[in-house]
Amino acid sequence: MRRPFVAGNWKMNLTRDESTALASEIVSAVGSGGNCDVAVCPPNVYLHAVAEATKGSSVGVGAQNVYHEVSGAFTGETSTEMIKDVGATYVILGHSERRNILGESNEDVNKKLHAVLAAGLTPIVCVGELLEEREAGRTIDVIKEQFTGSFANISAEQLGKCVIAYEPVWAIGTGKVATPEQAEEVHANLRSIMTEAFDASTAESVRIQYGGSVKPDNAAELLGQPNIDGALVGGAALKADSFVAIIKAAG
Ligand code: 13P
Numbered sequence: 060m061r062r063p064f065v066a067g068n069w070k071m072n073l074t075r076d077e078s079t080a081l082a083s084e085i086v087s088a089v090g091s092g093g094n095c096d097v098a099v100c101p102p103n104v105y106l107h108a109v110a111e112a113t114k115g116s117s118v119g120v121g122a123q124n125v126y127h128e129v130s131g132a133f134t135g136e137t138s139t140e141m142i143k144d145v146g147a148t149y150v151i152l153g154h155s156e157r158r159n160i161l162g163e164s165n166e167d168v169n170k171k172l173h174a175v176l177a178a179g180l181t182p183i184v185c186v187g188e189l190l191e192e193r194e195a196g197r198t199i200d201v202i203k204e205q206f207t208g209s210f211a212n213i214s215a216e217q218l219g220k221c222v223i224a225y226e227p228v229w230a231i232g233t234g235k236v237a238t239p240e241q242a243e244e245v246h247a248n249l250r251s252i253m254t255e256a257f258d259a260s261t262a263e264s265v266r267i268q269y270g271g272s273v274k275p276d277n278a279a280e281l282l283g284q285p286n287i288d289g290a291l292v293g294g295a296a297l298k299a300d301s302f303v304a305i306i307k308a309a310g
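Residue numbers for the sequence shown, in this note's numbering: 60 to 310.
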């Protein structure tokens with residue numbers, strides 16, 4: 060049985076005060092935790108403040124990106140140890156905005172994934188097709204390619220420690236949510252891809268979140284699908300009431 064997991068990706072939003080206030084509101088609403096794991100992913104500069112605000116609660120904290128090297132002359136980058144040092148336990152990898160705006164490749168994601176697992180952090184690895192790829196009937200091929208490249212040289216045991224997020228790029232921030240059937244189809248395919256590349260029991264254990272215009276009014280139906288194990292929420296994670304409503308729909 061996979062425990063649902065809802066994470067908020069705050070992207071490049073909020074001030075420090077807004078971040079800690081939102082985190083505190085989520086902590087109060089979630090309490091000691093229900094049937095759902097919860098995490099918030101603020102910008103790196105607010106990780107420490109948000110980790111302090113959520114300390115001792117069931118709300119986890121994650122970074123939105125990391126660099127694969129341990130330390131050194133990499134101006135502007137942040138290492139896994141730094142992220143751990145300020146209290147985060149999750150890292151989002153390969154978000155479509157990093158892939159499509161900042162030019163991250165599957166190879167980059169793979170290097171980061173190895174670094175994150177070596178550091179004992181939990182990765183949330185994102186995959187998802189562009190609208191033109193869906194329209195060309197290439198969705199599953201694209202997902203398979205992204206999965207295979209991002210998880211190169213990863214063991215089944217390591218895969219078991221990962222979370223995957225399926226985020227169709229055309230549904231991100233557009234209000235155009237994938238139908239539960241469209242999302243479920245990709246999630247089920249991802250599970251088959253994992254079974255083929257690894258084994259069935261590991262594939263069954265990995266949580267796959269859906270992301271892309273998840274809102275309180277569509278969360279229950281999406282999360283009710285057999286292979287959808289949670290959500291990676293953007294816009295609706297910036298307000299405590301909508302984020303908490305999504306958590307309640309999951310758990
Ligand atoms: P929205 O929920 O704003 O569509 O963003 C989804 C997302 O990209 C989460 O990582």
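Ideal placement from N, C-alpha and C gives every residue a C-beta, glycine not left out.
Note that the structure is a prediction, hence the values are computed from the model and not measured.
Q: Specify, as a first and last residue, the run of the alpha helix (DSSP H) that T261 falls within.
A: Secondary structure note for T261: its alpha helix (DSSP H) is the uninterrupted segment A259 to S264.
Q: Have a look at P275, T74 and M253 and flag the residue whose alpha-carbon is nearest the alpha-carbon of N286.
A: The option with the nearest alpha carbon to N286 is M253.
Q.
Here's the rule I'm using: 16 or more other beta-carbon atoms within 10 Å means buried, otherwise exposed. How should N277 be labelled?
A. Looking at its Cβ environment, which holds 16 or more other Cβ atoms inside 10 Å, N277 is buried.
Q: Compute every distance between the C-beta of N68 and the non-hydrogen atoms of ligand 1, then say whether any falls below 8 Å.
A: Checking every heavy atom of ligand 1 against the Cβ of N68, one is found closer than 8 Å.
Q) Which term fits L281, buried or exposed, when burial requires 16 or more other beta carbons within 10 angstroms of its beta carbon? A) Around the Cβ of L281, a 10 Å sphere holds 16 or more other Cβ atoms; the residue is buried.
Q: Name the one or two DSSP bridge partners that D288 has.
A: As far as DSSP is concerned, D288 takes part in no beta bridge.
**Q.** G187 and V168 closer than 9 Å at C-beta
**A.** In this structure, G187 sits away from V168, with a CB-CB distance that is not shorter than 9 Å.
**Q.** DSSP state of N165 mapped onto helix, strand, coil
**A.** Here N165 sits in helix by DSSP.
Q | Nonlocal neighbours in the same chain, by C-beta distance under 6 Å from S116, ignoring five residues either side | A | Hits under 6 Å: V86.
**Q.** Residue(s) in a DSSP beta bridge with Y149
**A.** For Y149, which the question treats as bridged, DSSP gives the partners G121 and T181.
(Q) Assuming T74 and G119 are in contact, meaning their beta carbons sit under 8 Å apart, how far apart are those beta carbons, in whole angstroms? (A) Not quite, the Cβ-Cβ distance comes to about 22 Å (not below 8 Å), so this is no contact.
Q.
Tell me the residue span of the alpha helix (DSSP H) that contains N248.
A. First-last of the alpha helix (DSSP H) with N248: P239 to A256.
**Q.** C-beta contact flag for S138 and V109 at 9 Å
**A.** Going by C-beta atoms, S138 is not nearer than 9 Å to V109.
Q | Span of the alpha helix (DSSP H), counted from its first residue to its last, around N277 | A | P275 to L282 is the extent of the alpha helix (DSSP H) around N277.
Q: Assign G208 to one of three DSSP states: helix, strand, or coil.
A: Three-state DSSP puts G208 in a helix.
Q.
Which same chain residues end up closer than 7 Å to D288 when comparing Cβ atoms and leaving out the 5 residues on each side of it in sequence?
A. Counting only Cβ-Cβ distances below 7 Å, and skipping sequence neighbours, we find R61, P63, F64, R266, I267 and Q268.
Q. Counting Cβ pairs closer than 8 Å, one from the region 289-300 and one from the region 240-259, do we hit at least three?
A. Of all C-beta pairs linking the region 289-300 to the region 240-259, fewer than three are shorter than 8 Å, placing the two stretches out of contact.
Q: Might you give, ordered along the chain, the residues of its own chain that have their beta carbon closer than 8 Å to the beta carbon of F257, omitting 5 neighbours on each side?
A: If we look at F257 and ignore the five residues flanking it on each side, its Cβ neighbours are A215 and L218.
Q. At what residues does the alpha helix (DSSP H) containing F302 begin and finish?
A. Membership of F302 in the alpha helix (DSSP H) is indicated by the continuous run A299 to A309.
Q.
Can you tell me where the beta strand (DSSP E) holding N68 begins and where it ends?
A. For N68, the uninterrupted beta strand (DSSP E) run begins and ends at F64 to N68, by DSSP.
(Q) ligand 1 and E128: does any heavy atom of the ligand fall closer than 8 Å to the residue's C-beta? (A) Placement of the Cβ of E128 at a distance of 8 Å or more from every heavy atom of ligand 1 is found.
Q. In three-state terms, what does DSSP make of I267?
A. The DSSP-derived three-state label of I267 is strand.
Q.
Taking its Cβ as the centre, do 16 or more other Cβ atoms sit within 10 Å of T134, making it buried, or is it exposed?
A. Classification of T134: exposed, given that the 10 Å Cβ count is below 16.
(Q) Please list the terminal residues of the continuous beta strand (DSSP E) segment that includes A59. (A) Here the chain comprises residues numbered 60 to 310, so residue 59 is not present and cannot be evaluated.
**Q.** Cβ-heavy atom distance, S272 to ligand 1, below 8 Å
**A.** Shortest gap from the CB of S272 to any heavy atom of ligand 1: under 8 Å.
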